[in-house]
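Data block below; observations after.
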Amino acid sequence: MPKQNVSVLCVASECFPLIKTGGLADVVGALPLALAQLGVHVSVFLPGFPKVLSGLSETRTLAKLKDFPIANARLVTGKTSTGLNIIALDAPDLFNIKGNPYQTSTGEDRPDNAYKFALFSKIAAEIAAGKYGRKKFDIVHAHDWQAGLTSTYLKIMGDTRVKSIFTIHNLAFQGVFSHSILKDIGIPQSYMSRDQLEYWDKVSYLKGGVVNSDRITTVSPTYALEIQSDSDGMGFGGLLRERGDVLFGILNGIDTDVWNPDTDTEITAQFNANDASQKSKNKAALQKKMGLRIAPDAPLFSIISRLTTQKGLDILSGLTDHVTALGGQLILLGSGDSAIEAQFKQAADKNPNEVSVTIGYDEPFAHQIQAGADAIIIPSRFEPCGLTQLCAMRYGTVPIVGRVGGLSDTIIDANPMALSVGAATGLQFSPINTHMLAATINRAFALYSEPDNWNRLVQNCLNQDVSWDQSAQLYMDLYTSIL
Ligand code: ADP
27 MPKQNVSVLC VASECFPLIK TGGLADVVGA LPLALAQLGV HVSVFLPGFP
77 KVLSGLSETR TLAKLKDFPI ANARLVTGKT STGLNIIALD APDLFNIKGN
127 PYQTSTGEDR PDNAYKFALF SKIAAEIAAG KYGRKKFDIV HAHDWQAGLT
177 STYLKIMGDT RVKSIFTIHN LAFQGVFSHS ILKDIGIPQS YMSRDQLEYW
227 DKVSYLKGGV VNSDRITTVS PTYALEIQSD SDGMGFGGLL RERGDVLFGI
277 LNGIDTDVWN PDTDTEITAQ FNANDASQKS KNKAALQKKM GLRIAPDAPL
327 FSIISRLTTQ KGLDILSGLT DHVTALGGQL ILLGSGDSAI EAQFKQAADK
377 NPNEVSVTIG YDEPFAHQIQ AGADAIIIPS RFEPCGLTQL CAMRYGTVPI
427 VGRVGGLSDT IIDANPMALS VGAATGLQFS PINTHMLAAT INRAFALYSE
477 PDNWNRLVQN CLNQDVSWDQ SAQLYMDLYT SIL
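At position 163 of the sequence shown the residue is numbered 189 (the working numbering), and the sequence of numbers has no breaks.
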């Protein structure tokens, strides 16, 4: 089949700019645009959360879902401001949710997650198969456990015409539920078996994607290897080894239009890889905005993250005094684990001129931090790909990262050899513990005190290609290989 004619239904629970809790949304918002550049016809199928429905233009009803167990359900098509074609499942009783799509305001999983994401995946399979007045799609590309059952429903429907790809963005989220759900979601009890959905006497939607999809991808080559091990496979190591011949690690990119310091209207002073001299104005503006000491020469470290043990921020929270004692400053934006939040807030209360902590989620502020900070610290215990280090490089902010998963694939450590050949883009450390992070922060201070070395690092970061160009081509090759 000529490449230009490939049609793909991308299925996910998040998509930038409509709804985002993390990197999944960035990928689902950007990869289809890069694929469209290669001539692929992509539509993105999303749950009809209020932010999704209100963010669409050119909306029209594609179909009313008469057989659907929920009243007043319909499929709506529309476009995002970025030009993506969206199909949304408008079912108010399932998706009329404000706030976090998966969790209540008190941090518990929403009780109907199992039910609504199963129905969402079922409709995805039906759309892909052409049930709703559109031609069938060649490929259905489902992302993470929320869309994990899509290929299982295709199998139940007996549809072998639509090829399926399942992408694991984070193996830690496995969509594990009581098997009593099966009778409510139209999946035969026979699927409660070890070679299907059964997972420690429950069912896992992620497992559905792993066992029933034609190809599996994850978001970096190193993570693709890590998850096939017993130590990092989170219960899936053996299964992923069995499926190793159809498992591929393709590195994420970022949308370099959304993240473009040359055109970014959220930041104080624009700059680019040819002339980053204006970056210092963003640093001063950031220090001023957050009430920090205005100190051009104090290394300004940043964190933009979910505050969880995955991200290793419990390790960093014990090192704020270490950073300030060496003359550095720290600025944090994030939310999550209340104990980690409390530790950072305490550090900011103790030293408000040097440490700034903002608990919350704030996209424009994330841009301002990336533009103004000197370095970003990402001490993840595991990291499938990580996007903040890619955004950081685009803004000339030097990543300090744990040597795991996609972080090890995207950052070149400033060891003496990499410095001497001028290839370094950041600092890596391993194993992930307080001692090694402290030592790496010391290394960063030492490099910062040598402007030639530091400026070279910054310039190398700015020169990196963090776009989707190369990886979209790899997805394209994968698509064409299964058709
Ligand atoms: P995750 O595991 O959370 O998906 P990634 O690094 O893959 O981590 O992606 C995180 C994305 O979410 C990045 O675009 C990052 O800038 C953004 N982000 C994380 N926390 C915040 C926050 N508190 N405010 C704004 N953006 C955030």
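Note that CB positions come from ideal geometry on N, CA and C, so glycine has one too.
In this structure, does DSSP put R420 in helix, strand or coil?
helix
Between which two residues does the alpha helix (DSSP H) harbouring V188 extend?
Unbroken run through V188: none, as it is neither H nor E.
If you count every other CB in all the chains shown that lies within 10 Å of the CB of K161, and 16 or more means buried, which is it?
exposed
Candidates G432, Q355, G431: closest to A399 by CA position:
Q355
Minimum C-alpha distance to Q236 - residue among D347, S177, L358:
Here residue 236 turns out to be Val, not Gln, going by the sequence shown. Per the Cα distances, S177.
Given I165 as reference, the closest of K124, N31, K92, I330 once Cα atoms are compared
N31
Given that a residue counts as buried once 16 or more other Cβ atoms are within 10 Å of its Cβ, and exposed if not, what is E40?
buried
For the region 258 to 290, which segments carrying the alpha helix (DSSP H) assignment without a break, of at least 4 residues, lie completely within its bounds, in sequence order?
263 to 268
Is T414 near the ligand ADP, in the sense that its beta carbon is under 7 Å from a heavy atom of that ligand?
yes
Roughly how many angstroms separate the alpha carbons of L232 and Y505, rounded to a whole number?
21 Å
Along the beta strand (DSSP E) that carries V34, what are the first and last residues, could you check?
33 to 37
F455 versus A444 - alpha carbon distance:
15 Å
DSSP-derived helix/strand/coil call for F71:
strand
Unbroken stretches of the alpha helix (DSSP H), 4 residues or longer, contained in the region 327 to 366
339 to 343, 346 to 351
R332 Cβ short of 7 Å to the ligand ADP heavy atom set:
yes
What are the boundary residues of the alpha helix (DSSP H) that includes S497?
495 to 508
Which two residues bound the contiguous beta strand (DSSP E) that contains S219?
From DSSP, S219 is part of no beta strand (DSSP E); its letter is neither H nor E.
Beta carbon of S69 nearer than 8 Å to that of L101
no
T466 versus L61: straight-line alpha-carbon distance, rounded:
38 Å
Report the option in A155, Q200, S216 whose CA atom is closest to the CA atom of V188.
A155
I'd like to know if the region 72 to 87 and the region 109 to 127 are in contact, where contact means that at least 3 CB-CB pairs between them fall below 8 Å.
yes
Flag G48 as yes when its Cβ comes closer than 7 Å to any non-hydrogen atom of the ligand ADP, and as no otherwise.
yes
Enumerate in chain order the residues of its own chain whose CB-to-CB distance from D388 is below 7 Å, with the five nearest sequence positions on each side excluded.
L359
Which two residues bound the contiguous alpha helix (DSSP H) that contains F469?
Here the sequence assigns Arg to residue 469, which means Phe is not the residue at that position. Start and end: 460 to 474.
Alpha carbons only, please: which of L416, A440, Y421, G422 is nearest the one belonging to L433?
L416
On the criterion of 16 or more Cβ atoms from any shown chain inside 10 Å, does L509 qualify as buried, or is it exposed?
exposed
Just the C-alpha distance for H169 and R469, rounded to the nearest angstrom, thanks.
38 Å
Endpoints, alpha helix (DSSP H) assigned at Q129
Q129 -> no alpha helix (DSSP H), and no H or E assigned at all.
Report, in whole angstroms, the separation of the C-beta atoms of D288 and D52, which I expect to be a contact under 8 Å.
Going by Cβ atoms, the distance from D288 to D52 rounds to 19 Å, so no, they are not a contact pair.
Say yes only if the C-beta of L197 is nearer than 7 Å to one or more non-hydrogen atoms of the ligand ADP, and no if none qualify.
no
Could you please give the first and the last residue of the uninterrupted alpha helix (DSSP H) stretch that includes G234?
231 to 238
Hey, how far is the Cα of G159 from the Cα of L180?
17 Å
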